[in-house]
Amino acid sequence: MNQSKANSGVSVAMIRAFVCVSKHLNISQACLELRATRQTVRRHINDLEFILGGDLFEVVDRQYQLTSFGAKMLEGAKSLLTQIDAWSGQSPLTRHATDGLESQRYTDAQGRVYYSQQHPVSQIAREGLPLMKQAFKAWGTAETQIDHEAMDAIRPYAVLYRKSALGWVYVHVGEESAYARWLGPTIARSVIGRLISDDSASEDYDEFMGGAYSRIYEEGGVRFDHILAHMPRESGETKAGSFQRLLMGGVFPDGTHGLIIIAALTENIVIDALCAEDRPKLPECLLMDRVLQSAD
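Numbering that gives the first Met the number 0 numbers the first residue of the sequence shown as 0 and each following residue consecutively.
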């Protein structure tokens with residue numbers, strides 16, 4: 000490869016080729032999506048590998064696979080590409096930050112608008128829902144250890160993920176979790192071992208819901224958001240719902256990292272960009288404002 004070409008820096012085309020090939024793990028399918036020749040796509044990948052100093056893909060049994068280095072680079076590439084597309088008006092997902100706290104707006108193919116707004120973690124201590132207070136307390140007492148006895152009280156309300164080379168894998172869905180309440184227990188039990196991306200949602204939707212996962216997973220930190228999203232119910236009908244979500248980095252007994260999600264279905268959300276008339280009204284049976292109130 001011409002070294003002067005690599006020295007010109009990373010291009011958007013290189014990043015887009017990397018993300019597209021990682022999605023399909025097939026050059027021909029990536030070429031169709033990118034409307035580019037195989038030679039062009041391969042050149043973009045080769046140039047990017049040269050600049051980054053490592054192989055992004057390997058071929059095993061004539062099948063493309065991400066290398067461990069490629070898997071590490073992928074989340075950052077996706078995030079950067081999303082931001083570039085938002086700046087250029089090509090993405091239905093937009094993000095901005097105020098005082099270090101992130102807000103998002105996403106419009107799906109049906110024109111439905113989704114919102115999220117990050118809040119300071121200290122807000123949980125001051126005015127948090129009982130479930131959020133207990134979850135944060137349990138996580139601190141357990142020192143991030145997922146199987147610690149301090150986590151037992153919140154385990155029924157938690158969703159746990161592991162991260163694989165292909166994406167986020169469901170490990171546990173609590174029977175009292177917001178996920179189980181919204182989708183129903185049958186679907187909640189059926190997703191164990193599956194990837195988040197196995198659903199029919201778009202990549203932009205997955206980025207809206209899960210864009211913050213990697214940083215919390217890798218750093219072992221905490222993040223608190225208020226969210227309005229349009230999600231399918233057990234019947235298959237898509238409904239608007241609002242919830243508070245606490246992301247916490249965790250550690251499994253074997254020392255590998257995990258992601259703990261505690262969500263509470265509630266109408267008590269603060270999202271500056273959300274109009275009053277767009278706030279959903281949730282059935283009383285779904286609300287989680289008083290969960291673990293006696294323990295608070």
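Where is the CB? At the ideal position from N, CA and C, for every residue including glycine.
The structure displayed is predicted, hence computed values, not measured ones.
Under 8 Å between C-beta atoms of Gly210 and Gly248: Within the sequence shown, residue 210 is the residue found at index 211, counting from 1. Within the sequence shown, residue 248 is the residue found at index 249, counting from 1. No, these two residues do not count as a Cβ contact at 8 Å.
Whose C-alpha, out of Leu227, Ala275, Lys280, is nearest the C-alpha of Thr262? Sequence index remark: in the sequence shown, residue 262 carries index 263 (1-based). A quick correction: the sequence has Ala, not Thr, at residue 262. It is Leu227.
In or out: Arg104 buried (at least 16 other Cβ within 10 Å) or exposed? Counting from one through the sequence shown, the residue named residue 104 turns up at place 105. Arg104 is classed as buried because its beta carbon has at least 16 other beta carbons within 10 Å across all chains shown.
Per the DSSP calculation, Pro231 is bridged to which residue(s)? On the sequence shown, position 232 is the one that residue 231 refers to. Partner(s): Thr237.
Taking Glu202 as part of the alpha helix (DSSP H), name the residues at either end of that continuous run. Translated into the one-based positions of the sequence shown, residue 202 becomes position 203. Residues 202-209.
In the structure shown, what three-state DSSP assignment does Gly139 receive? Position 140 of the sequence shown holds residue 139. DSSP places Gly139 in helix when its eight states are reduced to three.
Per-residue DSSP class, three states only, for Lys132: Residue mapping note: residue 132 aligns to position 133 of the sequence shown, counting from 1. Lys132 falls in the helix class under three-state DSSP.
Ser163, DSSP secondary structure in three states: Here residue 163 refers to the residue found at position 164 when the sequence shown is read from its first residue. Ser163: strand per DSSP, three-state reduction.
Is it buried or exposed for Gln89, if we count other Cβ within 10 angstroms and need 16 for buried? Counted from its first residue, the sequence shown places residue 89 at position 90. That one is exposed.
Nearest-angstrom Cα distance between Leu73 and Ile215? Residue 73 sits at position 74 when you count from the first residue of the sequence shown. Residue 215 sits at position 216 when you count from the first residue of the sequence shown. About 16 Å.
Can you give the beta carbon distance from Val20 to Ile50, rounded, assuming they're within the 8 Å contact cut? As a first step, residue 20 is located in the sequence shown; it is residue number 21 there, counting from the start. As a first step, residue 50 is located in the sequence shown; it is residue number 51 there, counting from the start. At roughly 16 Å, the Cβ-Cβ gap does not stay under 8 Å, so Val20 and Ile50 are not in contact.
Give the secondary structure of Leu31 by DSSP, where H, G and I count as helix, E and B as strand, and everything else as coil. Translated into positions along the sequence shown, residue 31 becomes position 32. It is helical.
Is DSSP giving Gln89 helix, strand or coil here? In the sequence shown, counting from the first residue as 1, residue 89 sits at position 90. Note: Gln89 maps to coil in three-state DSSP.
Among Leu273, Ile268, Leu286, which has the Cα closest to the Cα of His118? Taking the sequence shown and counting its residues from 1, one reaches residue 118 at position 119. For His118, the nearest C-alpha among the options comes from Ile268.
Using beta-carbon positions only, say whether Ala152 and Ala141 come within less than 8 Å of one another. The residue you call residue 152 lines up with position 153 of the sequence shown. The residue you call residue 141 lines up with position 142 of the sequence shown. Taking 8 Å as the Cβ cut-off, Ala152 and Ala141 do not qualify as a contacting pair.
Pick from Gly69, Arg41, Val40 that is closest to Asp54, judged by C-alpha positions: Working through the sequence shown from its first residue, we reach residue 54 at position 55. Of the listed residues, the one whose Cα sits closest to Asp54 is Gly69.
For Phe17, count neighbouring C-beta atoms within 10 Å of its own C-beta (all shown protein chains included) and say buried if the count is 16 or more, exposed if not. Residue numbering aside, residue 17 sits at position 18 when the sequence shown is read from its first letter. Its Cβ being crowded by 16 or more others within 10 Å, Phe17 is buried.
Return the chain-ordered ranges of every alpha helix (DSSP H) run that is complete within the stretch 51-91 and spans a minimum of 4 residues. Listed in chain order, they are 67-86.
Expressed to the nearest angstrom, what Euclidean distance is found between the alpha-carbon atoms of Val172 and Pro155? Residue mapping note: residue 172 aligns to position 173 of the sequence shown, counting from 1. Residue mapping note: residue 155 aligns to position 156 of the sequence shown, counting from 1. If I take the Cα positions, the gap works out to 8 Å.
What residues match up with Glu101 in a beta bridge as DSSP calls it? Position 102 of the sequence shown holds residue 101. Glu101 pairs with Ala96.
Under 8 Å between C-beta atoms of His24 and Gln64: The residue you call residue 24 lines up with position 25 of the sequence shown. The residue you call residue 64 lines up with position 65 of the sequence shown. The amino acid at residue 24 is misidentified as His; the sequence shows Leu. Contact: yes.
How far does the alpha helix (DSSP H) with Ile14 in it reach, from first residue to last? For the purposes of this step, residue 14 is taken as the residue at position 15 of the sequence shown. Element bounds for Ile14: 11-23.
Indicate whether the contact test is met: 3 or more Cβ pairs, each with one atom in the stretch 275-292 and one in the stretch 115-130, closer than 8 Å. yes
Distance between Arg244 and Leu258 (C-alpha atoms, nearest Å): Working through the sequence shown from its first residue, we reach residue 258 at position 259. Working through the sequence shown from its first residue, we reach residue 244 at position 245. Each residue's Cα considered, the two are about 13 Å apart.
Within the present structure, is the beta-carbon of Thr237 separated from the nearest heavy atom of the ligand MG by less than 7 Å? Within the structure as shown, the ligand MG is missing, as the structure has no ligands at all.
Express the C-alpha separation of Val250 and Arg161 in angstroms, rounding to a whole number. Position 162 of the sequence shown, counting from 1, holds the residue named residue 161. Position 251 of the sequence shown, counting from 1, holds the residue named residue 250. Arg161 and Val250: Cα-Cα distance of roughly 10 Å.
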